[in-house]
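Working notes for the structure below.
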Amino acid sequence: MLGSYPVSAPSEDIAGEETHLLTRYAYLVKRVCSHLRSQVSAGFDLEDFEQVGLMGLLEAIRRYGEPDEAFEAFAFKRIRGAILDELRRQDWRPRSLRQAAHNLNHVRRTLYKELNRDPSDEELAQAAGVSVEEVRELAYANQAEEMQCLDDWLAKGGDTGSGGMDQLELQRTLAQALAQMPERQRLLIALYYQYDLNMKEIALTLGLTESRVCQLHKECLATLNQLLGND
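Sequential numbering of the sequence shown, starting at -13, is according to this note's numbering.
Okay, structure coming up:
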């Protein structure tokens, strides 16, 4: 897999400095992988994608120069981009998985009408005839399309070399779109993208089930994508 990310052989001194920086910022790779689990569900091979992420981190180190306070945000984007490229190269979201996620949504809506509240993951699992873990995996898979749509927009918008927006314009456009969203949606987006919480951590913070947070996250992204003209 790493053959897709060739790197030139550095001198001994440069190699030593790069190794030091890779070790120092390796936690960013784990953070990105934790985030992207929300997009790929059961197909996510953590060890393989951490290796791809490290190649993204190495590219960030070589492109950026001496790290400063802005390096983490730059490296996070590069690492995420490297892993997303690898995910797109693989067929990581087959039709059967999308259909199963759609069926789970139908079960959730049915239970909501019967119970007059959001069902728990355990209730969803029993009604759908699957395990609780499968409920959560399907919930992750269900939000993938909206996440990819936003990721593609951000990548295009941030690439000034291909005619996209510069960073300031990109931030202004996002801020204007977020300002039009309901407060709860803005909170969830902030917890995920600004405070780097994963779905499980957001669920604990908001007192919701993990699968419910995934569903809400998909709704947030659908709204945001529509406001950004990505629909």
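In this text, a Cβ means the ideal position worked out from N, Cα and C, and glycines have one as well.
Here the structure is a predicted model, which means the values were calculated and not measured.
Residue i classed as buried or exposed, judged by whether at least 16 other C-beta atoms fall within 10 angstroms
{"i": "Arg158", "result": "exposed"}
{"i": "Asn102", "result": "exposed"}
{"i": "Glu119", "result": "exposed"}
{"i": "Ala130", "result": "buried"}
{"i": "Leu190", "result": "exposed"}
{"i": "Gln201", "result": "buried"}
{"i": "Arg75", "result": "exposed"}
{"i": "Arg49", "result": "exposed"}
{"i": "Cys52", "result": "Here residue 52 turns out to be Glu, not Cys, going by the sequence shown. Exposed."}
{"i": "Tyr13", "result": "exposed"}
{"i": "Gly147", "result": "Note on Gly147: pLDDT 45, under 50, position unreliable in the model; no value is reported."}
Local conformation of residue i per DSSP, three classes
{"i": "Val223", "result": "Lying before the first or after the last residue shown, residue 223 is absent from the chain, which here runs from -13 to 217."}
{"i": "Tyr11", "result": "coil"}
{"i": "Tyr178", "result": "helix"}
{"i": "Asn91", "result": "helix"}
{"i": "Thr195", "result": "coil"}
{"i": "Asn128", "result": "helix"}
{"i": "Ser106", "result": "coil"}
{"i": "Met185", "result": "helix"}
{"i": "Met167", "result": "coil"}
{"i": "Leu214", "result": "coil"}
Cα-Cα separation, residue i to residue j
{"i": "Ile218", "j": "Asp34", "result": "Examination of residue 218 is not possible in this model, given that the chain is present from -13 through 217 alone."}
{"i": "Lys99", "j": "Phe62", "result": "41 Å"}
{"i": "Ala125", "j": "Gly2", "result": "42 Å"}
{"i": "Cys206", "j": "Leu174", "result": "8 Å"}
{"i": "Glu4", "j": "Val15", "result": "15 Å"}
{"i": "Pro168", "j": "Ser117", "result": "33 Å"}
{"i": "Met41", "j": "Tyr11", "result": "12 Å"}
{"i": "Ala163", "j": "Leu154", "result": "14 Å"}
{"i": "Thr90", "j": "Asn184", "result": "The sequence shown places Leu at residue 90, not Thr. Straight-line Cα distance between these residues: approximately 21 Å."}
{"i": "Leu213", "j": "His6", "result": "42 Å"}
{"i": "Gln171", "j": "His203", "result": "8 Å"}
{"i": "Ser82", "j": "Thr209", "result": "26 Å"}
{"i": "Glu58", "j": "Leu192", "result": "27 Å"}
{"i": "Ala161", "j": "Ala176", "result": "11 Å"}
Cutoff 7 Å; reference residue i; Cβ partners in own chain excluding five residues on either side
{"i": "Lys186", "result": "Glu196"}
{"i": "Leu32", "result": "Cys19"}
Neighbourhood of residue i by C-beta, 8 Å cutoff - its chain only, sequence neighbours within 5 removed
{"i": "Ile69", "result": "Val18, Cys19, Leu22, Phe35, Val38, Gly39 and Gly42"}
{"i": "Glu97", "result": "As written in the sequence, residue 97 is Leu, which differs from the Glu given in the question. Cβ neighbours of Leu97 beyond the five flanking positions: Pro105, Glu109, Leu110 and Ala113."}
{"i": "Gln166", "result": "Leu213"}
{"i": "Asp182", "result": "Arg17 and His21"}
Sequence-distant residues of its chain with Cβ nearer than 6 Å to residue i (five each side left out)
{"i": "Tyr107", "result": "It should be noted that the sequence gives Asp, not Tyr, for residue 107. Cβ neighbours of Asp107 beyond the five flanking positions: Val118, Val121, Thr195 and Ser197."}
Exercise for the section: Could you pull out every unbroken beta strand (DSSP E) segment of at least 3 residues lying fully inside the region 30 to 71, listed in chain order? Expected result: none
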